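Asker:
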Amino acid sequence: MADSGSEDIAVIGNTDLTPSESENNLKNTMVEKGTSLLKRMEISVAEAEKRTGKNAVNMQETYTVYLIETRPVDAASEGTNPVPDSLWRRYSEFELLRNYLLVTYPFVVVPPLPEKRAEFVWHKLSADNMDPDFVERRRVGLENFLLRVASHPVLSSDKIFYSFLTEENGWKETVFETGFQAKADSRLKALNATFRVKNPDKRFAEMKHYGDELQSVISQLLRVRAVGENKRAADRLYGVYKVHGNYGRVFSEWSAIEKEMGDGLQSAGHHMDAYAASVDDILEEEEHYADQLKEYLFYADALRAVCRKHELTQYELEMAAQDLTSKKQQREELATGTVRTFSLKGMTSKLFGQETPEQREAKLKMLETQIEEGEELVKERNEECDEFVKSAWVDIERFKEQKDHDLREALISYAIMQISMCKKGIQVWNNAKECFSKM
Amino acid sequence: MSAGTPRSLASSGQKSIQDICHPLSAEESALSRSPDVLNPSGAGEKDLSLPNGTPVDTSSPASSSSLLNRLQLDDDLDGETRDLFVTVDDPKKHVSTMETYITYRVCTKTTRTEFDLPEYSVRRRYQDFDWLRNKLEESQPTHLIPPLPEKFVMKGVVDRFSEEFVETRRKALDKFLKRVADHPVLSFNEHFNAFLSAKDLNKRQGLALLTKMGESVKYVTGGYKLRGRPIEFAAMGDYLDVFTQKLGTIDRIAQRIIKEQSEFLMELREYGPVYSSWSSFEEELHDPLEGVAGCVSNCSSALDELTEDMSEDFLPVLREYVLYIESMKNVLKKRDQVQAEYETKLEAVVFREDKKTPVPTDVEKCQDRVECFNADLKADWDRWQNNKRQDFRQLLTGMADKNIQYYEKCLAAWESLIPLLQDKQEARGETN
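These protein sequence lines map, in sequence, to chains D and V.
Note that numbering that gives the first Met the number 0 gives residue 248 to position 249 of the first sequence, counting from 1, and the numbers run on in steps of one.
Note that numbering that gives the first Met the number 0 gives residue 366 to position 367 of the second sequence, counting from 1, and the numbers run on in steps of one.
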């Protein structure tokens with residue numbers, strides 16, 4: 000029934016899948032045994048450590064490194080349990096990896112990293128990147144990221160990703176050598192496309208809108224809970240429980256002046272203390288739920304990025320087509336001598352006299368070439384666009400399945416957590432009630 | 000602080016409880032029914048009454064246990080048959096040109112010969128209760144007089160005519176009269192008799208005002224210095240001091256909890272609509288998210304109820320006890336005065352110096368007074384301790400009950416959500 004609540008934040012599901020289940024890709028979108036790296040390799044982010052060193056501008060800085068451990072799956076199942084391979088990586092290297100993936104696979108909804116700075120954090124956990132709680136939750140988030148990439152049908156076979164996991168030195172250089180940074184679309188270009196594209200695929204427009212709404216709604220939920228300094232739901236709940244602890248003290252003091260009532264009061268007070276103490280676990284589990292929501296908050300961004308890329312490719316196709324059309328028109332005008340559309344050349348030739356037949360001939364030839372090239376370009380872009388739409392939509396469908404599954408699981412474990420909290424509350428108050436009735 | 004909005008009391012014409020049939024009376028009175036006492040569900044309305052007239056709160060599932068609690072309260076009159084039953088109910092608003100005020104119906108059933116009739120039903124307002132208490136304090140200064148709910152409420156801060164306020168006051172007034180009725184000495188007081196039976200208290204109040212002045216002089220034995228309080232009374236005084244302190248602390252804690260809960264409730268209420276709006280643009284997740292929204296909403300209501308209950312039922316009782324203790328400390332002081340007077344006069348006699356010294360009979364009277372006072376006070380103290388124990392057992396058990404109910408409601412809401420959340424999964428599993 001409700002025992003799936005014991006799953007970890009990784010929400011990857013267990014890796015012991017039966018062959019029949021692995022056949023059904025749609026169902027196990029996260030772990031695709033047939034194609035993903037995860038079949039061959041166990042991956043974990045085992046530890047975090049503080050380091051100090053000189054940075055690029057030769058200044059001392061303190062930073063955190065994370066230990067990535069990998070181990071071939073077969074070795075583990077044989078029971079010999081060899082020492083895993085491991086290497087240390089900084090958060091910035093994870094960022095580099097992700098940026099590389101974003102540029103190289105623009106049709107993929109790339110899994111997000113845990114937040115860079117603690118934004119929606121309950122006050123007990125500081126916004127300090129060095130805070131141990133924050134580091135711990137980041138470690139879990141980074142592991143989750145690696146597992147998601149390793150189980151993705153496309154991303155998992157990437158060489159750079161593989162070497163990220165296995166080659167400590169020189170990895171950065173390797174990434175830069177791919178020249179991925181040059182392939183990145185400028186923001187301006189992307190924005191321009193978004194505004195000017197005429198016929199984007201409706202499905203992508205809807206998906207983008209969905210991404211907007213998802214981001215908005217999850218932000219709201221996280222904000223109600225806690226945001227920065229603002230003490231909201233999490234803090235209030237903490238207050239309710241903790242103040243009950245004061246009953247413990249006053250009952251104890253009161254019991255000192257009572258004869259028959261004393262024992263009952265005293266023991267009831269202990270239960271009030273237990274009640275107060277129970278809030279720490281509750282808030283930790285709620286933090287867990289918040290982390291699950293956060294992942295999809297950031298996923299919404301990745302989804303929108305794919306949609307924007309579509310708009311860009313579509314726009315570039317439209318631009319090429321438009322350009323071709325205008326060139327063809329120019330050719331027609333030149334050939335027939337009629338001016339149907341306004342062109343600066345046409346105006347200047349009117350003003351400064353007609354061209355010579357030789358000049359016209361040269362122009363026509365140039366136009367012909369351009370038209371040929373233009374047609375090639377349109378064909379190319381059309382193919383690109385179609386390719387993109389096809390592969391992006393496949394990944395979007397995969398993402399949808401994953402999202403529905405994961406969020407449902409998150410809601411279930413949240414409900415289970417609430418049930419457990421209620422049961423504990425009932426138990427504590429029943430215990431207190433028993434003590435009171437013996438007063 | 001109650002999280003809900005207070006509702007205004009409707010003017011005259013409000014029907015409320017029906018008394019149950021007096022166990023000693025042969026026939027039912029025209030106005031009353033007799034539902035089965037131990038079957039709270041038999042009465043559809045609030046305020047069922049027990050044989051001694053104590054109203055029963057049937058609004059919660061825990062009521063049957065609190066019912067039994069109240070039945071057990073009668074153990075201090077073990078072996079004695081109760082012959083005086085008093086209830087306060089049926090608050091009504093009266094509007095006149097001069098003022099607006101609330102009156103309560105005070106019903107009495109008794110077999111005592113001190114009363115002319117076996118039954119009475121009169122209407123009294125707070126002023127009248129206040130008058131009664133003052134008369135009791137004056138005429139029975141050696142006894143502990145139960146407290147009344149607070150007299151003054153800040154206009155504008157509290158709505159004196161809201162249903163919640165009136166109900167809280169009614170319960171306190173009812174408790175006051177019951178405590179007096181259960182007291183072996185106070186219940187025979189002539190003023191108490193008048194309060195219960197006289198059609199119109201006004202005339203007596205006028206007289207009372209004059210006599211009030213005169214009588215109050217009697218026990219203001221000013222200026223006598225007390226050597227030292229006897230140990231047992233000193234112990235009482237110490238106990239009361241510490242106890243008041245603890246009650247004050249508990250009051251503050253309870254208020255703080257109510258405040259935190261109310262603020263938490265405000266935040267909690269924001270979640271529901273967000274989940275709802277989320278569900279509106281999801282397909283597969285539509286039902287689960289809508290379910291969560293509903294669940295959160297149910298939990299919010301449950302928390303609201305808990306906070307209101309604590310405000311209305313828990314805090315007033317604490318405050319009542321603080322008032323009770325205040326008046327008890329005053330009685331202790333009075334006792335000290337009486338003893339001081341006696342000691343001073345006794346000394347003067349022993350060291351007879353001038354003709355002004357009082358005659359021995361005067362000293363004897365003082366001695367009697369001291370001894371009476373001490374005896375009454377001791378008896379009342381024991382009774383008070385016993386009542387206090389029961390009252391607090393009931394109060395704290397009630398607090399635990401309310402919290403249990405809150406969690407049970409939330410538990411039910413979340414448990415019913417689980418199958419809804421898992422629904423699609425199982426369906427898909429089957430199609431595999």
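Note that the Cβ used here is the ideal one computed from N, Cα and C, for glycine as well.
Model, not experiment: these values are computed from the prediction.
Can you tell me where the beta strand (DSSP E) with V/G227 in it begins and where it stops?
Answerer: From DSSP, V/G227 is part of no beta strand (DSSP E); its letter is neither H nor E.
Asker: Output, in chain order, the set of chain D residues within a Cβ distance shorter than 7 angstroms of V/T248.
Answerer: V249
Asker: Determine the extent of the beta strand (DSSP E) in which D/E68 is found, giving its start and end residues.
Answerer: 59 to 71
Asker: Would D/A414 and V/L416 qualify as a contact pair, given that the criterion is a beta-carbon distance under 8 angstroms?
Answerer: yes
Asker: Output yes if chain D places a C-beta closer than 8 angstroms to the C-beta of V/N402; else output no.
Answerer: Yes, contact with chain D.
Asker: Determine whether the Cβ of D/F253 lies closer than 8 angstroms to any Cβ atom of chain V.
Answerer: Before going on, a small fix: residue 253 of chain D reads as Trp here, not Phe. By this cut-off, D/W253 is an interface position.
Asker: If I follow the unbroken beta strand (DSSP E) through V/L83, where does it start and stop?
Answerer: 83 to 94
Asker: If I measure Cβ to Cβ from D/E383 and keep anything under 7 angstroms in the same chain, skipping five residues before and after, which residues do I get?
Answerer: T312
Asker: Please report how far the alpha carbon of V/F446 lies from the alpha carbon of V/D158, in whole angstroms.
Answerer: Here chain V comprises residues numbered 0 to 431, so residue 446 of chain V is not present and cannot be evaluated.
Asker: Would you decide whether D/A361 is buried or exposed? Buried here means 16 or more other CB atoms lie within 10 Å of its CB.
Answerer: exposed
Asker: Could you name each continuous beta strand (DSSP E) segment of 3 residues or more that falls completely within the stretch 232 to 258 of chain V, going from the start of the chain to the end?
Answerer: none
Asker: Within this structure, are the beta carbons of V/N297 and V/A180 separated by less than 8 angstroms?
Answerer: Against a cut-off of 8 angstroms, the Cβ pair of V/A180 and V/N297 comes out as no contact.
Asker: Identify which residue in V/F175, V/L143, V/H285 has its Cα closest to the Cα of V/Y125.
Answerer: Among V/F175, V/L143, V/H285, the Cα nearest to that of V/Y125 belongs to V/F175.
Asker: Below 6 angstroms CB to CB, which residues in the same chain sit around D/E286 once its five sequence neighbours on both sides are set aside?
Answerer: None.
Asker: Would you check if the distance between the CB atom of V/N373 and the CB atom of V/R334 is smaller than 8 angstroms?
Answerer: yes
Asker: Roughly how many whole angstroms lie between the Cα atoms of D/A440 and V/L314?
Answerer: Because residue 440 of chain D is not part of the residues shown, which for chain D are 0 to 438, the question remains open.
Asker: Is D/P110 buried or exposed, if buried means 16 or more other CB atoms sit within 10 Å of its CB?
Answerer: buried
Asker: Could you tell me whether the Cβ atoms of V/G227 and V/V321 are closer together than 8 angstroms?
Answerer: no
Asker: Check whether the Cβ of D/H309 lies closer than 8 angstroms to any Cβ atom in chain V.
Answerer: Cβ-Cβ to chain V under 8 angstroms: no for D/H309.
Asker: With 16 other CB atoms within 10 Å as the buried threshold, where does D/D116 fall?
Answerer: Note that residue 116 of chain D is Arg in the sequence shown, not Asp. It counts as exposed.
Asker: Could you tell me whether any Cβ in chain V is nearer than 8 angstroms to the Cβ of D/D403?
Answerer: Using a Cβ-Cβ cut-off of 8 angstroms, D/D403 counts as an interface residue toward chain V, since at least one Cβ of chain V sits closer than that to its own.
Asker: Under 9 angstroms between beta-carbons, which chain D residues line up against V/V241? List them in chain order, please.
Answerer: Result: E252, W253, A255, I256.
Asker: Where does the unbroken alpha helix (DSSP H) through V/S120 begin, and where does it stop?
Answerer: From DSSP, V/S120 is part of no alpha helix (DSSP H) but of the beta strand (DSSP E) over 118 to 124.
Asker: For chain V, is any of its Cβ atoms less than 8 angstroms away from the one on D/V239?
Answerer: Yes, D/V239 counts as interfacial toward chain V.
Asker: Excluding the five sequence neighbours on either side, which residues of its own chain have a C-beta within less than 8 angstroms of the C-beta of V/C365, listed in chain order?
Answerer: V337, E340, Y341, K344, L345
Asker: Nearest-angstrom Cα distance between D/N168 and D/L95?
Answerer: For the pair D/N168 and D/L95, the Cα-to-Cα distance works out to about 15 angstroms.
Asker: Counting only C-beta atoms, is V/V94 closer than 8 angstroms to chain D at any point?
Answerer: Residue contact check for V/V94 against chain D: no CB pair falls below 8 angstroms.
Asker: Does the beta carbon of V/L465 sit closer than 8 angstroms to a beta carbon anywhere in chain D?
Answerer: Nothing about residue 465 of chain V can be read from this structure; chain V reaches only from 0 to 431.
Asker: Between V/L239 and V/M327, how many whole angstroms is the CB-CB distance? I'm expecting something under 8 angstroms.
Answerer: 6 angstroms
Asker: Report the neighbours of D/E259 on chain B: residues whose CB is nearer than 7 angstroms to its CB, in chain order.
Answerer: Considering every chain present, this structure includes no chain B. Its protein chains are D and V.
Asker: May I ask you to list, following chain order, the residues of the stretch 408 to 422 of chain V that have a beta carbon less than 8 angstroms from some beta carbon of chain D?
Answerer: From the stretch 408 to 422 of chain V, only C409, L410, W413, E414, L416, I417, L420, Q421 have a Cβ closer than 8 angstroms to chain D.
Asker: Would you identify the three-state DSSP class for D/T355, choosing helix, strand or coil?
Answerer: In the three-state reduction of the DSSP assignment, D/T355 falls in the coil class.
Asker: Below 7 angstroms CB to CB, which residues in the same chain sit around D/A192 once its five sequence neighbours on both sides are set aside?
Answerer: E310, L311, Y314
Asker: Kindly list, in the order they appear in chain D, the residues whose Cβ is closer than 7 angstroms to that of V/W277.
Answerer: Within chain D, the residues V216 have their CB atoms less than 7 angstroms from the CB of V/W277, given in chain order.
Asker: In the structure shown, what three-state DSSP assignment does D/M40 receive?
Answerer: strand
Asker: Taking DSSP as the reference, what is the three-state secondary structure of D/A255?
Answerer: coil
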